[in-house]
Amino acid sequence: PVDFSENSGRALQTALAINNTREKPAKIICLHVYEMPDLSVYKINKTYEQLKTIIEADMNDAFDNFLDNYIPDLKDIVEKSLTERTSISTANHLKETVKDLGADFILIGAKGHTSIERLLLGSVTEKFLQLNESIPTLIVR
């Protein structure tokens, strides 16, 4: 999973480095979970589908910039995946999506910059680890 942060960039670079040591390279999927805004709050002249198209185009641009920034020479070997959050939590949606994708290993970036924060993970990472009991997961700081 990626959120286009530096932590996700390091996790992606780690995934590629591990993959480079394998005899048979694995398929690497970068998954970004996004949330649609509540349309009842805004007065816009767009349907849900029109707004979704706009948001996904923006997310694809952000995805391309993220890959250009962290793995410019290897971005063509990574599969991009965007998914709209439909579960109550991002972590729960993430768990269901990686299961549906058939993932057999997960690398996820974690926050933690100060000594206290290093003891803690980001809220999505922490919740995902609580929910995920079947897929091996490596946390990258």
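Numbering (the working numbering), first residue to last: 861 to 1001. Backbone N, C-alpha and C define an ideal beta-carbon position, used for all residues, glycine too.
Is the separation between the beta-carbon of isoleucine 995 and that of isoleucine 966 shorter than 7 Å? yes
Flag this pair as yes or no: are the beta carbons of alanine 970 and isoleucine 999 separated by less than 7 Å? yes
I need the straight-line Cα distance from asparagine 929 to cysteine 890, nearest angstrom please. 14 Å
For lysine 940, collect the residues of the same chain with a Cβ closer than 6 Å to its Cβ; drop the 5 residues on either side in sequence, then sort them by chain order. Cys890, Phe923
If contacts are defined as beta-carbon pairs under 8 Å, then tyrosine 894 and isoleucine 914 qualify, I think. What distance do you get, rounded to the angstrom? Not a contact, Cβ separation roughly 12 Å.
Is the closest heavy atom of the ligand NAD to the C-beta of glutamine 910 under 6 Å? In the structure on display, the ligand NAD does not appear, and there are no ligands present to speak of.
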